[in-house]
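Trainee: Below you'll find the structure I mean.
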Amino acid sequence: ETGVTQTPRHLVMGMTNKKSLKCEQHLGHNAMYWYKQSAKKPLELMFVYSLEERVENNSVPSRFSPECPNSSHLFLHLHTLQPEDSALYLCASSQGVTSGGNPYFGPGTRLTVL
Amino acid sequence: DAKTTQPPSMDCAEGRAANLPCNHSTISGNEYVYWYRQIHSQGPQYIIHGLKNNETNEMASLIITEDRKSSTLILPHATLRDTAVYYCIVRVAGGATNKLIFGTGTLLAVQP
Chain A
16 ETGVTQTPRH LVMGMTNKKS LKCEQHLGHN AMYWYKQSAK KPLELMFVYS LEERVENNSV
76 PSRFSPECPN SSHLFLHLHT LQPEDSALYL CASSQGVTSG GNPYFGPGTR LTVL
Chain B
1110 DAKTTQPPSM DCAEGRAANL PCNHSTISGN EYVYWYRQIH SQGPQYIIHG LKNNETNEMA
1170 SLIITEDRKS STLILPHATL RDTAVYYCIV RVAGGATNKL IFGTGTLLAV QP
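Chains as they are written, first to last, in my numbering: chain A, 16 to 129; chain B, 1110 to 1221.
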């Protein structure tokens, strides 16, 4: 595996379900990000992790719970979601301490909440 | 909030150069200009970035005006596979993370 991978690629869940999105980076980066992209809207930055510590939470509802157990893995735990949470969820990673640390994005998870 | 302004859409004929403009009139001296593109429903792909000087790589060229208030991304020979949304982003150099704040971008449609 190379780059940034995300699983699952597609997910359909009910409002009462609990599910998790997984992101793994194989680039040796030390910062990871979750973005949300709703239909016809710009990408919205949700969470930022640097060296496994959460450094930014952009007013994301508590029904989204991130977890970064190590520098290579990032999870987004989902519970009691709403239909408006249906979106493409993108993970990215970067080498955070240098100006040349271009974020690399995964392919995304297409989430549908019924 | 995004600090860049881009046209919402542009057309380009296949094989011709595509020139995508971006205004960033409030850019600071330590902010880089980044370009990414997103092909439908895929993750954004890095293209190029620069600070003051013009830059070129295997994908594109980036021309930054002397006052740094605007820039142009040039795809020298556009193909149908270059149809995508192109994002121009300004980002502060260094720091603990390299987060990107995306705007609405330019939808480039390459026509056969």
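Built from N, CA and C at the ideal position, the CB exists for glycine as well. For clarity, every value in this text was computed on a predicted model and none was experimentally measured.
Using a Cβ cut-off of 8 Å (strictly closer), state whether residue 119 of chain A contacts chain B.
Mentor: Taking Cβ atoms only, chain B reaches closer than 8 Å to residue 119 of chain A, which makes this a yes.
Trainee: Can you find a CB in chain A that lies within less than 8 Å of the CB of residue 1213 of chain B?
Mentor: Chain A, which has a Cβ nearer than 8 Å to the Cβ of residue 1213 of chain B, makes this yes.
Trainee: Could you tell me which chain A residues have their CB closer than 7 Å to the CB of residue 1115 of chain B, listed as they occur along the chain?
Mentor: Per Cβ cutoff of 7 Å: no residues; residue 1115 of chain B is ~11 Å from chain A at best.
Trainee: Starting from residue 1132 of chain B and walking both ways along the beta strand (DSSP E), at which residues does that stretch end?
Mentor: 1127–1132 is the extent of the beta strand (DSSP E) around residue 1132 of chain B.
Trainee: According to the Cβ coordinates, are residue 36 of chain A and residue 96 of chain A closer than 8 Å?
Mentor: No, Cβ-Cβ distance for residue 36 of chain A and residue 96 of chain A is not below 8 Å.
Trainee: Hey, how far is the Cα of residue 72 of chain A from the Cα of residue 41 of chain A?
Mentor: Each residue's Cα considered, the two are about 24 Å apart.
Trainee: For residue 75 of chain A, report the span of its beta strand (DSSP E) as first-last.
Mentor: Residue 75 of chain A -> no beta strand (DSSP E), and no H or E assigned at all.
Trainee: Label residue 27 of chain A either buried or exposed according to how many other C-beta atoms from any shown protein chain fall within 10 Å of its C-beta, with 16 as the threshold for buried.
Mentor: Classification for residue 27 of chain A: exposed.
Trainee: In this structure, does DSSP put residue 98 of chain A in helix, strand or coil?
Mentor: The answer is helix: DSSP assigns residue 98 of chain A an H, G or I state.
Trainee: Quick one: which chain A residues come within Cβ less than 8 Å of residue 1221 of chain B?
Mentor: In chain order: nothing, as chain A lies at least about 26 Å away.
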